[in-house]
Each structure stands twice: as C-alpha cells, then as structure tokens.
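**Student:** Submitted below is the structure of interest, expressed as structure tokens.
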Amino acid sequence: MSEALAIFSDETRVPIDGKFHIIQFVHREHRIDNFDAASFFTLHDFDDSGYWDTAEILKTYGMEDETAKDVPQSKKDEIRIEVMKLLDSNNNGIVEREEWMAFNLERKGTLPDFGTGPGHHWDMEMEYEIHHWEKYHDENTKEEDLIHPEDIAHFKKHDELEDEADRVAALDRMPIVEQNIPAKFRRE
C-alpha cells in the first residue's frame, strides 16, 4: 500500500497527480488491500457479463449514487467517452477483460480522476457503514450517540423509505387505485 499512498496528498486520499489510483480506490471503497487487476475487473463487472459496458464504468465512478445527483449529464458523458477512449482498444463499445488487463499493465493501475468524488457504488447502508460508521462509531455506540448530520440524514432516509413502503403497501391492498385511472376514463 505504501506506493499507492505516495501519490495521495493526505489521509483524505485526494489524488495529487490527477489520476484515479485503483489500489487506493479499492482499499477505500471495498476494504480490500490485496488484489490484482483481474480481481478489480471482476469486482466492477456488476452484471457478471464478462465485460464492462458504459453503465458499469459510470457506476464505478459513482455516477449512479445519490451523491452524484447534481453531476451534469455533460460530465457523465465526458467520463464515459474518455474512459472508453482509454480502455476500449477494439472500439466495440465495451471493455473486455483482455483490454482492461493490457491497460492495467501499460498504465499501472491509474484511471483519470474527473473530480466527481470517491466513486461510491454500494447501497446506502454499505456506504454509510464504510464512510461514516467505521470512522466515528463502533459496536458500543448507543442510539443517543448518533447525532452527526450524517447519522441524522441516514436515519431520515430510512424513515422516508419506510413511509414509502407503507404507502405502496396500502395501495396494493386497494382493489382499485383511482389515482392510476387516467382522467379521460374517470367520471366527474
């Protein structure tokens, strides 16, 4: 890890050389310290298709995460286009394992850093666990200790999801959901 850490500025792991360093990324986002290029490829082949499509590249960069909701489509397009230029050597619109392995040998585990953040691509629970709970809490934390803004936002999101699930369950119990009937078919 020491070689990977050398290109980052401090404990926040912000790249200082304009590169998205894979070793650091996997350590920070997946808690894995020992892996190879093939493992990285498999870990980010989210649909187990044997290749990366542009959706998987955007997901690896965290563009499907809630924290990327304000990233403009033009930036997402830039990420997609630039990464495909680097990786898709046969120009077939996907990144095959062999292309990734060749790129990794040539670039030594670096991808462009587009300045869009850390690349979250877990679900909300895992992201909270990795990026907040492990840093500020432990198994001895009591409910009354959960006072950080991140804690409050996390549990507020849980409440919202529960409320939405209750709303949908109530609609599912109704034989006819009038709101779903188009206005032109309703009697006034």
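The working numbering applies: residue 1450 is where the sequence shown begins, and numbers increase by one.
We put the CB at the ideal spot given by N, CA and C, even for glycine.
1) Which one or two residues does DSSP pair with Val1544 in a beta bridge?
2) So what does DSSP say about Thr1590, is it helix, strand or coil?
3) I'd like the list of long-range same chain contacts for Ala1486, defined as Cβ closer than 6 Å, with 5 residues on each side in sequence excluded.
4) What number of angstroms, rounded off, separates the C-alpha of Arg1462 from the C-alpha of Phe1634?
5) Check whether the region 1590 to 1605 and the region 1532 to 1541 are in contact - that is, three or more C-beta pairs closer than 8 Å.
6) Any chance you could list the beta strand (DSSP E) runs of at least 3 consecutive residues sitting entirely within the region 1506 to 1539, in chain order?
7) Helix, strand or coil: which one does DSSP assign to Glu1637?
8) Rounded to whole angstroms, how far is the Cβ of Ile1528 from the Cβ of Met1512, which I believe are closer than 8 Å?
9) Report yes if the CB atom of Thr1503 is closer than 8 Å to the CB atom of Met1533, and no otherwise.
10) I think Thr1565 touches Lys1524, with their Cβ atoms under 8 Å apart; what is that distance to the nearest whole Å?
11) Give the straight-line distance between the Cα atoms of Val1617 and Ile1596, rounded to the nearest whole angstrom.
12) By a C-beta neighbour count over all protein chains shown, 10 Å radius and 16 as the cutoff for buried, is Val1626 buried or exposed?
13) Is DSSP giving Pro1631 helix, strand or coil here?
**Tutor:** Inspection of the coordinates gives the following:
1) Trp1501
2) Coil at Thr1590, not helix or strand.
3) Met1550, Asn1553
4) Caution applies to Arg1462, whose pLDDT of 39 falls short of 50 and renders its modelled position unreliable; the model cannot decide the point.
5) The region 1590 to 1605 vs the region 1532 to 1541: no contact.
6) Those beta strand (DSSP E) runs which fall completely within the region 1506 to 1539 and span 3+ residues do not exist here.
7) coil
8) 7 Å
9) yes
10) That belief holds up - the Cβ atoms of Thr1565 and Lys1524 are roughly 7 Å apart, short of 8 Å.
11) A straight-line Cα-Cα distance of about 30 Å links Val1617 and Ile1596.
12) exposed
13) Three-state DSSP puts Pro1631 in coil, outside helix and strand.
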